[in-house]
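S.K.:
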Ligand code: PA5
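As structure tokens, then:
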């Protein structure tokens with residue numbers, strides 16, 4: 011394993027798979043991306059984002075985060091999709107698994123506005139009631155329903171509980187520079203704001219204040235995260251090409267589902283972020299790999315059977331973490347009633363790594379090709395590398411597939427129906443059509 015960077019290893023992925031012509035195709039797709047000559051080229055701001063982040067910007071985010079950390083016991087981050095998953099993924103990947111139950115330095119960062127669960131909102135409001143809390147409200151369009159509902163509720167609660175002045179000091183809005191209801195509201199209320207650049211789409215926005223601010227509030231090092239991303243921006247192309255080529259070759263060979271696998275519980279939300287990135291970018295024109303995910307070894311006891319023996323339309327991409335942060339040794343037991351003495355003296359991660367290798371070999375034997383992405387450790391730097399790597403590979407892969415990776419027209423369909431059913435002004439025609447369909 012290369013000690014300093016993430017790496018893509020296709021040893022068990024491409025046996026018997028036709029990759030002819032795909033390197034040329036991938037190089038052409040990379041050229042299209044980098045020259046800005048492809049579809050969706052007005053959304054390429056993320057491509058050179060890491061190296062363009064300056065000291066002043068980082069300092070401003072750190073100061074804002076510090077102020078929230080000093081004044082708040084909780085900070086509620088409101089957003090959905092690309093305005094939520096990146097921050098959630100990085101925070102989870104770096105946090106103590108039981109941080110929610112432990113007293114730590116600084117506020118607890120909570121998430122809202124990523125669902126319309128009434129009980130979820132009730133429970134959240136119940137938790138922060140009587141405590142000083144702040145809000146980071148994130149929406150590029152500034153009009154998305156889920157975060158708008160959560161923000162209306164929490165804003166009102168905060169103002170009543172702590173007063174308008176405290177609320178005004180501890181609400182930060184991250185949104186478009188000019189457009190959208192949230193921009194207007196933030197201007198009127200005098201909130202601190204950060205801009206999501208026009209040319210950075212939601213799912214590519216984790217290295218803007220969308221991700222950086224909540225990550226900094228949690229106490230993690232956003233400089234190292236950005237530095238890791240810069241490393242991949244400057245030197246990651248070979249890995250990007252390897253991944254894009256392998257997944258397109260597998261797709262062409264009939265593997266329509268890619269399962270992102272982890273053996274590290276901290277990576278659950280990284281997979282959720284990855285699913286959005288690839289699902290929204292590639293799933294269009296009736297094409298695209300279906301991105302799925304599992305957490306092993308947990309899901310070996312639920313999905314393992316299907317993956318080993320079910321329909322052979324899948325391949326796996328295992329994100330394998332090198333070093334753990336802590337060592338836990340399995341003790342020896344004189345009686346050995348549980349029969350575990352054969353692994354006594356080993357650390358738990360040694361067992362996990364053997365489970366990982368054994369699983370990969372079994373799945374390859376069962377006809378599920380296996381790509382490997384190695385990440386030296388779960389640190390800010392390597393997560394920054396991984397994020398940028400996945401983003402660029404997504405752009406290249408999408409162009410190889412022949413779609414515009416930077417739009418998401420399909421997500422509007424449900425909204426139209428929902429607004430029609432809720433009798434939102436302007437949806438009268440859609441409402442009549444739905445009523446007729448429901449009656450029919
Ligand atoms: O990637 C995307 O563009 C979407 O997933 C958006 O991030 C999501 O719909 C939230 O949109 P907004 O930030 O405008 O509230």
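In this note's numbering, the protein residues as written are 11 to 450.
Cβ atoms here follow ideal geometry from the backbone N, Cα and C, with glycine treated the same way.
What distance in whole Å lies between the Cβ atoms of residue 373 and residue 318, which are believed to be in contact at a cut-off of 8 Å?
M.R.: 6 Å
S.K.: Could you tell me whether any non-hydrogen atom of the ligand PA5 is closer than 7 Å to the CB of residue 419?
M.R.: no
S.K.: Below 8 Å between beta carbons: does that hold for residue 192 and residue 152?
M.R.: yes
S.K.: Go ahead and label residue 12 buried or exposed: buried means 16 or more other beta carbons lie within 10 angstroms of its beta carbon, across all protein chains shown.
M.R.: Confidence at residue 12 is low in this model, with a pLDDT of 49, below 50, so its placement is unreliable and the value that follows should be read with caution. By the neighbour-count rule (16 or more Cβ atoms within 10 Å), residue 12 is not buried but exposed.
S.K.: For residue 158 and residue 127, I'd like the C-alpha separation in whole angstroms.
M.R.: 13 Å
S.K.: Could you give the uninterrupted runs of the alpha helix (DSSP H) lying entirely in the region 298-361, keeping only those of 4 residues or more?
M.R.: For the region 298-361, whole alpha helix (DSSP H) runs of length 4 or above, ordered along the chain, are 314-319.
S.K.: Would you kindly check if the distance between the Cβ of residue 408 and the Cβ of residue 419 is under 8 Å?
M.R.: no
S.K.: Going by DSSP in three states, residue 120 sits in which element: helix, strand or coil?
M.R.: strand
S.K.: Please state whether the Cβ-Cβ distance between residue 330 and residue 269 is less than 8 Å.
M.R.: Contact check for residue 330 against residue 269 fails: the beta carbons are separated by 8 Å or more.
S.K.: Looking at the unbroken beta strand (DSSP E) that takes in residue 202, where does it start and where does it end?
M.R.: 202-205
S.K.: On the three-state DSSP scale, how would you describe residue 21?
M.R.: strand
S.K.: How would you call residue 2, buried or exposed, if buried means at least 16 neighbouring beta carbons within 10 angstroms?
M.R.: The shown model of the chain, from 11 to 450, leaves out residue 2, and the question about it has no answer.
S.K.: Report back the beta-carbon spacing between residue 239 and residue 222 to the nearest angstrom; my notes put them in contact at under 8 Å.
M.R.: 11 Å between Cβ atoms; not a contact.
S.K.: Taking the alpha carbon of residue 375 as the point to measure from, which residue in 320, 396, 300 has its own alpha carbon closest?
M.R.: 320
S.K.: Which residues in the same chain as residue 201 place their Cβ atom closer than 7 Å to its Cβ, once the five residues preceding and following it in sequence are excluded?
M.R.: 178, 181, 182, 183
S.K.: Pick out whichever of 66, 45, 393 has its Cα sitting closest to the Cα of residue 57.
M.R.: 45
S.K.: Does the region 202-214 touch the region 105-120, meaning 3 or more C-beta pairs lie closer than 8 Å?
M.R.: no
S.K.: On a Cα-Cα basis, can you pick out the residue from 91, 50, 286 that is closest to residue 123?
M.R.: Checking every option, the nearest Cα to that of residue 123 belongs to 91.
S.K.: Residue 406 and residue 97 - do their beta-carbons sit closer together than 8 Å?
M.R.: no
S.K.: Going by beta-carbon coordinates alone, are residue 265 and residue 323 separated by less than 8 Å?
M.R.: yes
S.K.: When the distance is taken between beta carbons, is residue 272 closer than 8 Å to residue 305?
M.R.: yes
S.K.: Ordered along the chain, which non-local residues of its own chain (more than five positions away) have a Cβ less than 8 Å from that of residue 210?
M.R.: For residue 210, where only same-chain residues beyond five positions count, the Cβ hits under 8 Å are 53, 55, 56, 59, 218.
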